[in-house]
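Visitor:
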Amino acid sequence: MCCLDSPAIATPTVPATDAGPVTRPARLPAGWTVVLDRRVLRVDGGRTLVGGSPPRVLRLSPAASARLAGPDGVPPEARLTVTDATSATLARLLTDAGVAHPVPGHADAPSPGEVSVVVPVRDRPRELARLLDAVAATAPGVGEVVVVDDGSADPDTTTRVAAARGARVVGHPSSRGPAAARNTGATAASGAVVAFLDSDVVPEPGWLAPLLGHLADPAVALAAPRIVAWVGLAGGGASNAALLASDARNATSSIARRAVARYEERRSSLDLGPRPAPVTARSRVAYVPSAALVVRRSALGAGFAEDMPVAEDVDLVWRLAADGHRLRYEPASRVAHEHRDALGPWLTRKAFYGTGAAPLALRHPRRVPPMALAPWTAAAVTLLGVQRRWTTAAAGAVTLVATARLARGLVRGDRACGDADTQRLRWPTADMRKALALASVLAPWGLGGAAWQAAGALTRHWWPAAVAGALVSRRVRRALAVAAVAEGLADWVRFRPPGAGPVDALGHVIAHRLDDLAYGAGLWWGAWRHRTLAPLRPDLTGKGPDR
Numbered sequence: 001m002c003c004l005d006s007p008a009i010a011t012p013t014v015p016a017t018d019a020g021p022v023t024r025p026a027r028l029p030a031g032w033t034v035v036l037d038r039r040v041l042r043v044d045g046g047r048t049l050v051g052g053s054p055p056r057v058l059r060l061s062p063a064a065s066a067r068l069a070g071p072d073g074v075p076p077e078a079r080l081t082v083t084d085a086t087s088a089t090l091a092r093l094l095t096d097a098g099v100a101h102p103v104p105g106h107a108d109a110p111s112p113g114e115v116s117v118v119v120p121v122r123d124r125p126r127e128l129a130r131l132l133d134a135v136a137a138t139a140p141g142v143g144e145v146v147v148v149d150d151g152s153a154d155p156d157t158t159t160r161v162a163a164a165r166g167a168r169v170v171g172h173p174s175s176r177g178p179a180a181a182r183n184t185g186a187t188a189a190s191g192a193v194v195a196f197l198d199s200d201v202v203p204e205p206g207w208l209a210p211l212l213g214h215l216a217d218p219a220v221a222l223a224a225p226r227i228v229a230w231v232g233l234a235g236g237g238a239s240n241a242a243l244l245a246s247d248a249r250n251a252t253s254s255i256a257r258r259a260v261a262r263y264e265e266r267r268s269s270l271d272l273g274p275r276p277a278p279v280t281a282r283s284r285v286a287y288v289p290s291a292a293l294v295v296r297r298s299a300l301g302a303g304f305a306e307d308m309p310v311a312e313d314v315d316l317v318w319r320l321a322a323d324g325h326r327l328r329y330e331p332a333s334r335v336a337h338e339h340r341d342a343l344g345p346w347l348t349r350k351a352f353y354g355t356g357a358a359p360l361a362l363r364h365p366r367r368v369p370p371m372a373l374a375p376w377t378a379a380a381v382t383l384l385g386v387q388r389r390w391t392t393a394a395a396g397a398v399t400l401v402a403t404a405r406l407a408r409g410l411v412r413g414d415r416a417c418g419d420a421d422t423q424r425l426r427w428p429t430a431d432m433r434k435a436l437a438l439a440s441v442l443a444p445w446g447l448g449g450a451a452w453q454a455a456g457a458l459t460r461h462w463w464p465a466a467v468a469g470a471l472v473s474r475r476v477r478r479a480l481a482v483a484a485v486a487e488g489l490a491d492w493v494r495f496r497p498p499g500a501g502p503v504d505a506l507g508h509v510i511a512h513r514l515d516d517l518a519y520g521a522g523l524w525w526g527a528w529r530h531r532t533l534a535p536l537r538p539d540l541t542g543k544g545p546d547r
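Under the UniProt record's numbering, the very last position in the sequence shown is 547; numbers go up by exactly one each time.
Following this line, the structure appears as structure tokens:
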């Protein structure tokens, strides 16, 4: 989930190195180019960068800022090429922070011949044939394709389909689950790189090269594509997500299925959006789905957790990150996925995803809170939620105090980044106005992010408790109603296609609320089954999960 409220914005001082991997980053290899994220704000002549995920403020040294010379604001295509130690350290810091993104395409990238494609499957011969045909068409020259038959009722058919397309088959006599199937495939694979592809996906042309490009960086262990919507076309193969989803809407008969198809096209849990990102817990891209992953086989270790029927991909990603590996999400690589659009199976799947929060919270403490707020934003949102005039005024006062403290922190306490040795810097006292102007933007931004998180938690993670409270409290009813409508409409505005009108908005809000109800129900069931409140407990420390 996107964490708009973060310690980098909400605390009195704003360290430029507020995340573990960013503190002393390993250098990016020579020859790499990184591009500043298009949503990063540059102020103070480019000396200060605001952005990343979670959002933070980076204060650059003169030498570092000169490498990214440009006007204030959001410059298009601000690039940095690694040519020496300073640029290598700066590039790594910016990419780890999500402020810039590497451009894959380095000459040291693994070749397709070093890739073993692993496909776990059970009783899906038609989908398997479709996938293997797509792999042959979009990634010619891969070293091998390994199909893992996870206890199919008719294993001979699976073997026949795979053999006809040059794939090798290994199998389980009985089903052991997708995690075990992927591990079996990785063990059988001979390539240095393993590309996991589920049988319900169809890779689009050019999907493999950008992912292998990221692996040219020896620090990167995993790269994942964007997962987009797919339906079959008369001519076979796949087209872009918008056309495919349009075909799906025309082909489906019921209003519910059309609404779900539209919603999944733009808001699928598997689609992590059009912007590249590092994969880090409690950031804009906190996980990547195992429907399509490219991983160094040497980094897999124990592989997927076979005792986790759900969220085993998130668990793997976070274990790799904890081991010091870097992970990348690359939307230039696209893999289409056959989404569910029947209402019942769709809701069941959403609830199933929700049940994964409890085991994740137990294995990875402080990485899956429903909200992650700094103390002052938590106080301000709570005061607003009381819905009295004096509490609203008090919330404003808290925000003003936080703004002043943030401005003081910008002047007195930030660190310069980009040189081989970071040094303590101070903004001149005369620049207090600049710091106050920046803080006046960042503090309301942090409060808005906190309010967004609170609305999401109220309608998704905590909805059973919120509904119970609404039965006895008018203020809770009002808060729940406002959150349900406002957050739903804001979500529609964020994801709406061009030309969408009120009817589309209504369908999106209803589908979004059903999504939240199903996920929340699964979350509470999982919490009860594991006897833990960990996935329901907010983090109000204002610190990252590793601090």
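Cβ coordinates follow ideal geometry from the N, Cα and C atoms, glycine included.
#1: Let's test the definition: count the other Cβ atoms within 10 Å of the Cβ of Cys417 and tell me whether it reaches 16, buried, or not, exposed.
#2: Within 10 angstroms of its Cβ, does Pro140 collect 16 or more other Cβ (buried), or is it exposed?
#3: Locate the alpha helix (DSSP H) running through Arg349, then write down its first and last residues.
#4: Please name the residue in Val476, Pro155, Arg367, Ala505 whose C-alpha comes closest to that of Ala534.
#5: Can you grab the Cα-Cα spacing for the pair Val386 / Arg478, in whole Å?
#6: With 7 Å as the threshold, decide whether the Cβ of Ala219 is near any Cβ in chain E.
#7: Spatial neighbours of Asp108 within its chain, please: C-beta separation below 6 Å, excluding the five flanking residues on both sides.
#8: In its own chain, which residues sit with a C-beta less than 6 Å from the C-beta of Val201, not counting the 5 before and 5 after it?
#9: Whose CA, out of Thr48, Leu36, Ser53, Pro120, lies closest to the CA of Thr81?
#10: Can you tell me the Cα-Cα spacing of Leu60 and Val310, whole angstroms?
#11: Taking Val147 and Val121 to be in contact with their CB atoms under 8 Å, please state how far apart those CB atoms are, rounded to whole angstroms.
#12: Excluding the 5 residues flanking Ala195 on each side, which residues of the same chain have their C-beta closer than 6 Å to its C-beta?
#13: What runs of the alpha helix (DSSP H), each 4 residues or longer, lie entirely inside the segment 248-299?
#14: Just the Cα atoms here: how many angstroms apart are Arg297 and Asp96?
#15: Are the CB atoms of His104 and His172 nearer to each other than 7 Å?
#16: What separation, rounded to the nearest whole angstrom, lies between the Cα atoms of Gly396 and Met371?
#17: Can you say whether Ser111 is buried or exposed, counting buried as having 16 or more other CB atoms within 10 angstroms of its CB?
#18: Could you compute how far the alpha carbon of Arg513 sits from the alpha carbon of Arg433?
#19: What residue does the alpha helix (DSSP H) around Asp149 start on, and which one ends it?
#20: Look at Val398 and Ala379 and say whether their C-beta atoms are less than 7 Å apart.
#21: Please state the DSSP three-state secondary structure of Asp323.
#22: According to the neighbour-count rule (16 or more other Cβ atoms, all chains shown, within 10 Å of its Cβ), is Ala468 buried or exposed?
#23: Is it right to say Asp323 is buried, meaning 16 or more other beta carbons lie within 10 angstroms of its own, or is it exposed?
#24: Under 8 Å: do the segment 452-459 and the segment 480-499 share three or more Cβ pairs, one atom per stretch?
#25: By alpha-carbon positions, which one of Arg47, Ala521, Ala181, Val161 ends up nearest to Phe304?
#26: Excluding the 5 residues preceding and the 5 following Arg537 in the sequence, name in chain order all residues of the same chain whose CB lies nearer than 6 Å to its CB.
#27: Looking at the structure shown, is Gly446 part of a helix, part of a strand, or coil, going by DSSP?
#28: Could you round the C-beta distance between Val317 and Val279 to whole angstroms and report it? I think they count as a contact, below 8 Å.
#29: Hey, would you say Ala64 sits closer than 7 Å to Arg27, going by beta carbons?
#30: For Val35, which residues does DSSP report across the bridge?
#31: Taking the alpha helix (DSSP H) that Val482 belongs to, which residues open and close that run?
#32: Output the boundary residues of the beta strand (DSSP E) element that contains Asp116.
#33: Put Thr541 into one of helix, strand or coil per three-state DSSP.
#34: With DSSP as the reference, please indicate the residues paired to Gly51 in a beta bridge.
#35: Output the boundary residues of the beta strand (DSSP E) element that contains Ala223.
#36: Helix, strand or coil: which one does DSSP assign to Ala372?
Guide: Working from what's here:
#1: Confidence at Cys417 is low in this model, with a pLDDT of 44, below 50, so its placement is unreliable and the value that follows should be read with caution. Buried: at least 16 other Cβ atoms inside 10 Å.
#2: exposed
#3: 343-355
#4: Arg367
#5: 11 Å
#6: The question asks about chain E, but that chain is absent: this structure has only one protein chain.
#7: Ala216
#8: Ala291, Ala292, Val335, His337
#9: Leu36
#10: 42 Å
#11: 6 Å
#12: Val115, Val117, Val294
#13: 255-267
#14: 23 Å
#15: Note on identity: in this sequence residue 104 is Pro, with His being the wrong assignment. Going by C-beta atoms, Pro104 is not nearer than 7 Å to His172.
#16: 21 Å
#17: exposed
#18: 43 Å
#19: Asp149 -> not in any alpha helix (DSSP H); beta strand (DSSP E) instead, spanning 144-150.
#20: yes
#21: coil
#22: exposed
#23: exposed
#24: yes
#25: Ala181
#26: none
#27: helix
#28: 6 Å
#29: no
#30: Arg79, His101
#31: 474-495
#32: The sequence shown places Ser at residue 116, not Asp. From DSSP, the beta strand (DSSP E) with Ser116 extends over 115-121.
#33: coil
#34: Arg56
#35: 220-229
#36: strand
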